[in-house]
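Worksheet for the structure shown next.
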Amino acid sequence: MRRLILVLLLLHFVYRLYAQHYKRSAGLRAGVPYGFTYKQIIKKHNAFEVYAATRWTGGISFGTLWLTHYDPDIYPGVLVFAGGGVESGFWNDNSDYINGPGAGWAFGITASVGAEYEFDTLPLSIGLDWIPMLNLLENTVFDAGRIGVSLRYLF
7 MRRLILVLLL LHFVYRLYAQ HYKRSAGLRA GVPYGFTYKQ IIKKHNAFEV YAATRWTGGI
67 SFGTLWLTHY DPDIYPGVLV FAGGGVESGF WNDNSDYING PGAGWAFGIT ASVGAEYEFD
127 TLPLSIGLDW IPMLNLLENT VFDAGRIGVS LRYLF
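Mapping of the sequence shown onto my numbering: residues 7 to 161, in sequence order.
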């Protein structure tokens, strides 16, 4: 009986370690901009994220982020992160995003700050992030209103 309890406790702790530290995740981002997101853990605290997104005004953008995760030790499963990257995209004639009215390319540098919660019993995470962008093409404009919620499947 002791061995059975010991094995069950060991399996429980191994499962909890795996559930809290995923290698890859993919899902949807709602907010501005909204789209698809994929994140891969590179090292213990570092991750690489790519996303394809759009806005209600049309067009599409692609971005990459290098993120550093921190454990604030406030609640199990909660991580905070910060990082930066680049984003490029094309906006259609109806867009007043970044380049002003009309079609055009956007390319800029981004920052990212946010928090993520990994569910203990489900292979899912939910995160809230802010990804401001400084456009470097045509009109140099800082777009600070980029806040979103991501729901990702962990694998």
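Note that beta-carbon positions come from the ideal geometry of N, C-alpha and C, so glycine has one too.
- Item | Through-space distance from residue 55 to residue 44, alpha-carbon basis | Their backbone Cα atoms lie some 6 Å apart in a straight line.
- What separation, rounded to the nearest whole angstrom, lies between the Cα atoms of residue 95 and residue 154? The alpha-carbon of residue 95 is positioned some 18 Å away from that of residue 154.
- Query: To the nearest angstrom, how far is it from the Cα of residue 58 to the Cα of residue 79?
  - Reply: Spanning the two alpha carbons is a distance of roughly 31 Å.
- For residue 150, the residue or residues it bridges with in DSSP: Partner(s): none; residue 150 has no beta bridge.
- Among the residues of its own chain, which have a CB less than 7 Å from the CB of residue 37, if the five just before and after it don't count? Same-chain partners within the cutoff: 153, 154 and 155.
- Task: Using 10 angstroms around the beta-carbon of residue 115, count the other beta-carbons present and answer buried if the total reaches 16, otherwise exposed.
- Result: With fewer than 16 Cβ atoms within 10 Å of its Cβ, residue 115 is classed as exposed.
- Item | Nearest neighbour of residue 1, chosen from 35, 62 and 53 [CA to CA] | The chain is shown from 7 up to 161; residue 1 falls before or after that span and cannot be answered.
- Grab me the residues of residue 111's own chain with a C-beta within less than 6 Å of its C-beta, minus the 5 sequence neighbours each way, in chain order. These residues qualify, in order along the chain: 96 and 143.
- Item | Helix, strand or coil at residue 62 according to DSSP, with G and I counted as helix | In the structure shown, residue 62 sits in coil (DSSP, three-state: anything other than H, G, I, E or B).
- Item | Rounded separation between residue 85 and residue 68 - CA only | In this structure, the straight-line span from the alpha carbon of residue 85 to that of residue 68 is close to 24 Å.
- Message: What does the alpha-carbon distance come out to for the pair residue 140 and residue 73?
- Response: Using only the alpha carbons, I get a separation of about 18 Å.
- Item | Three-state secondary structure assigned by DSSP to residue 141 | Per DSSP, reduced to three states, the secondary structure at residue 141 is strand.
- Taking C-beta to C-beta, are residue 160 and residue 118 nearer than 8 Å? Taking C-beta atoms as the reference points, residue 160 and residue 118 fail to come closer than 8 Å.
- Task: Could you say which of 65, 113, 47 and 126 lies nearest to residue 87 if we only look at CA atoms?
- Result: Cα-wise, what sits closest to residue 87 is 47.
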